[in-house]
Amino acid sequence: MDDLMKQLHAVLAVDKIDHNTVVKSVERNPYRRLLQEVLLERKDIIRSRMNLVALYETEEPSSEIEEILAQFENPTFPLEEINTEKEVEWQPLERKYLDGVSKIKEETTMKQTQLEKDLAKSLAHSEEVLKKHRDFRPVDDRDFSNVKQSITKHFEQAKTNLRGDAATKILVLRREIEQQGRKRRNFDKNTTDTLQNWFHDHRTNPYPSDQEKAELAKQCNIKISQVNNWFGNQRIRSKQQAIRMEEEEQKRLAALAAEESEAMQTALAAASTVATSSNLAAASLMTLPLVNPTMHAMVLPGMPQNLLAGTAGFLPQTNYFPTAGQMALADNGNGQPFYTDFENFGLATQPDSEQFNNYLG
DNA sequence: GACGATGATTTTTA
DNA sequence: TAAAAATCATCGTC
Numbered sequence: 001m002d003d004l005m006k007q008l009h010a011v012l013a014v015d016k017i018d019h020n021t022v023v024k025s026v027e028r029n030p031y032r033r034l035l036q037e038v039l040l041e042r043k044d045i046i047r048s049r050m051n052l053v054a055l056y057e058t059e060e061p062s063s064e065i066e067e068i069l070a071q072f073e074n075p076t077f078p079l080e081e082i083n084t085e086k087e088v089e090w091q092p093l094e095r096k097y098l099d100g101v102s103k104i105k106e107e108t109t110m111k112q113t114q115l116e117k118d119l120a121k122s123l124a125h126s127e128e129v130l131k132k133h134r135d136f137r138p139v140d141d142r143d144f145s146n147v148k149q150s151i152t153k154h155f156e157q158a159k160t161n162l163r164g165d166a167a168t169k170i171l172v173l174r175r176e177i178e179q180q181g182r183k184r185r186n187f188d189k190n191t192t193d194t195l196q197n198w199f200h201d202h203r204t205n206p207y208p209s210d211q212e213k214a215e216l217a218k219q220c221n222i223k224i225s226q227v228n229n230w231f232g233n234q235r236i237r238s239k240q241q242a243i244r245m246e247e248e249e250q251k252r253l254a255a256l257a258a259e260e261s262e263a264m265q266t267a268l269a270a271a272s273t274v275a276t277s278s279n280l281a282a283a284s285l286m287t288l289p290l291v292n293p294t295m296h297a298m299v300l301p302g303m304p305q306n307l308l309a310g311t312a313g314f315l316p317q318t319n320y321f322p323t324a325g326q327m328a329l330a331d332n333g334n335g336q337p338f339y340t341d342f343e344n345f346g347l348a349t350q351p352d353s354e355q356f357n358n359y360l361g
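Here the first sequence is numbered in UniProt numbering, starting from 1 and rising by one per residue.
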């Protein structure tokens, strides 16, 4: 009994009911089992009451929701006001929107009907419960109206939530349609100029801070997300462009090298004749554009490695006229000696003239 | 209509 | 989680 009494006190404390009256009534009540059952049902009512308290803390249903739900009666296609030229193109989208709205409406109506049924059931049930209370405590009209109010409020809130959900669904649908139907617009010149200028002025570190992004967005009359998109695209694309230009430069150099190679082939043909005939006065040898070890090998095939030793990299074009430290190689065919500058020719050390002459045959 | 430019979105990376 | 990278979709021009 003690336990039961404790529970009862707890229940009564929540309800702010006059303890003494009820306790006396309970003490006289011989039907403990009934009492227990009633207590269990009281708990439900307490819960409802708690919900009611929570209810007062929730927001009022907004008029915005009702405005959106006006779509149920009079659906307006979200794209019409933006552009009326593409009506035909948008017909499937319009169909989709109207179907979507009517589906949401149908669902909402169904749920709302169910809520109303449940409300009626709950009210009837609560009345039954209160009537049972009369077995152990005084119950007056105020109790009935309180419980009814509590339950009604509870369902009203559920209904409000339902309408809120429906409004959210409509907004999501409209947004989806707008996304699909909207044609992307390029930014106007002012906007691109502003963004380009910022990018160029900060090209060493083209990362605007959040504040700078906000300023740019305001200045350009675009969203911050668009500023982010633009800079993201711009950074990656300017990088790609730089890579492309670098590749083109490489191609250009390769083409140049190929040209030189071709010139070298011509020189090689002539030099080969020179080498075999020992006639180094051949004009082609004198007009070689560049001199390097590879070229030596090409111009003078089979030339001993020790004669090529120590040569590295390209040397500037030289003139092959006699200067100090040069040696006469052979007759130029006109009875004059032909000189060459071994240093500039790409040879680090003066070759052994006898060996060289032997090579030339 | 082909095609590069461009804005947006999605996926990957650090 | 911001930025990079890849990808998508449209725009704009010829």
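Every residue gets a Cβ at the ideal spot worked out from N, C-alpha and C, and that includes glycine. What you are looking at is a predicted structure, and each value in this text was computed from that prediction instead of being measured.
Is there contact between the region 186-197 and the region 156-173, where contact requires at least three CB pairs shorter than 8 Å? no
Between which two residues does the alpha helix (DSSP H) harbouring Thr-191 extend? Position 191 of the first sequence, counted from the first residue, corresponds to residue 191. That run of the alpha helix (DSSP H) goes 189-201.
Where Gln-265 and Ala-258 are concerned, what is the direct C-alpha to C-alpha distance, given to the nearest angstrom? Working through the first sequence from its first residue, we reach residue 265 at position 265. Working through the first sequence from its first residue, we reach residue 258 at position 258. Approximately 10 Å, taken between the alpha carbons.
Any 3 or more C-beta pairs closer than 8 Å across the region 94-110 and the region 198-208: no
How about Leu-69 and Ala-214: are their beta carbons less than 8 Å apart? Here residue 69 refers to the residue found at position 69 when the first sequence is read from its first residue. Here residue 214 refers to the residue found at position 214 when the first sequence is read from its first residue. No, the pair does not count as a contact, with Cβ atoms beyond the cut-off.
Among the candidates Pro-138, Phe-155, Val-129, Arg-163, whose CA atom is the shortest distance from the CA of Ala-120? To locate residue 120, count along the first sequence from 1; it is residue 120. Cα-wise, what sits closest to Ala-120 is Phe-155.
Use the C-beta contact count for Glu-212: other C-beta atoms within 10 angstroms, 16 or more gives buried, fewer gives exposed. In the first sequence, the residue the question calls residue 212 occupies position 212. Burial call: exposed.
Do Gln-234 and Phe-199 have their C-beta atoms closer together than 8 Å? Looking up residue 234 in the first sequence gives position 234. Looking up residue 199 in the first sequence gives position 199. Taking 8 Å as the Cβ cut-off, Gln-234 and Phe-199 qualify as a contacting pair.
Comparing alpha-carbon positions, which option in Glu-94, Leu-268, Ala-255 lies nearest Arg-174? Reading the first sequence from its first residue, position 174 is the one you call residue 174. Answer by Cα proximity: Glu-94.
Suppose only complete runs of 4+ residues qualify. What are the alpha helix (DSSP H) ranges in the region 199-268, listed by chain order? 210-220
Straight-line gap, Arg-134 to Gln-149 (C-alpha atoms, nearest Å): Within the first sequence, the letter at position 134 stands for residue 134. Within the first sequence, the letter at position 149 stands for residue 149. The straight-line gap from Cα to Cα measures roughly 20 Å.
Exposure label - Leu-268; buried when at least 16 CB within 10 Å: Taking the first sequence and counting its residues from 1, the one referred to as residue 268 is at position 268. The residue is buried, with at least 16 neighbouring Cβ atoms inside 10 Å.
Within 10 angstroms of the Cβ of Ile-100, are there 16 or more other Cβ atoms? Answer buried if so, exposed if not. Indexing the first sequence from 1 puts residue 100 at position 100. In the sequence under discussion, the amino acid at residue 100 is Gly, which differs from the Ile named in the question. That one is buried.
Tell me the residue span of the alpha helix (DSSP H) that contains Ser-63. Translated into the one-based positions of the first sequence, residue 63 becomes position 63. Taken as a continuous stretch (DSSP letters only), the alpha helix (DSSP H) holding Ser-63 covers 63-69.
Assign Ser-62 to buried or exposed, taking buried as 16 or more other Cβ atoms, counted over all protein chains shown, within 10 Å of its Cβ. As a working mapping, residue 62 is identified with position 62 in the first sequence. The residue in question, Ser-62, is exposed, as its Cβ has fewer than 16 Cβ neighbours within 10 Å.
Val-147 (DSSP reduced to helix, strand or coil): Locating residue 147 in the first sequence gives position 147, where the first residue counts as 1. Residue state, collapsed to three classes: helix.
Using only CA atoms, which one of Thr-194, Leu-253, Thr-152, Asp-201 lies nearest to Leu-115? The residue given as residue 115 occupies position 115 in the first sequence. Looking at the Cα atoms, Thr-152 is the closest of the given residues.
To the nearest angstrom, how far is it from the Cα of Val-129 to the Cα of Lys-111? Looking up residue 129 in the first sequence gives position 129. Looking up residue 111 in the first sequence gives position 111. If you take the alpha carbons of Val-129 and Lys-111, they lie about 26 Å apart.
For Glu-106, the three-state DSSP class (helix, strand or coil): Counted from its first residue, the first sequence places residue 106 at position 106. Helix at Glu-106.
With a 10 Å radius around its C-beta and 16 neighbouring C-beta atoms as the bar for buried, classify Leu-195 as buried or exposed. Here residue 195 refers to the residue found at position 195 when the first sequence is read from its first residue. Leu-195 is buried by the Cβ-count criterion.
Whose C-beta lies closer than 7 Å to the C-beta of Gln-219 among residues of the same chain, with five residues either side of it excluded? Here residue 219 is taken as the residue at index 219 of the first sequence, counted from 1. Only Thr-194 meet the Cβ criterion.
Find out if the Cβ-Cβ distance for the pair Ile-170, Pro-78 is shorter than 8 Å. Locating residue 170 in the first sequence gives position 170, counting from the first residue. Locating residue 78 in the first sequence gives position 78, counting from the first residue. No, these two residues do not count as a Cβ contact at 8 Å.
So what does DSSP say about Phe-136, is it helix, strand or coil? As a position in the first sequence, residue 136 is number 136, starting the count at 1. DSSP places Phe-136 in coil when its eight states are reduced to three.
Classify Lys-153 as helix, strand or coil using the three-state DSSP reduction. Looking up residue 153 in the first sequence gives position 153. DSSP places Lys-153 in helix when its eight states are reduced to three.
Distance between Ser-209 and Ala-217 (C-alpha atoms, nearest Å): Mapped onto the first sequence, residue 217 falls at position 217. Mapped onto the first sequence, residue 209 falls at position 209. Whole-angstrom Cα-Cα distance: 12 Å.
By Cβ distance below 6 Å, which residues in the same chain neighbour Gly-164 in space, the five residues on each side in sequence not counted? As a working note, residue 164 is residue 164 in the first sequence. Ile-65, listed in sequence order.
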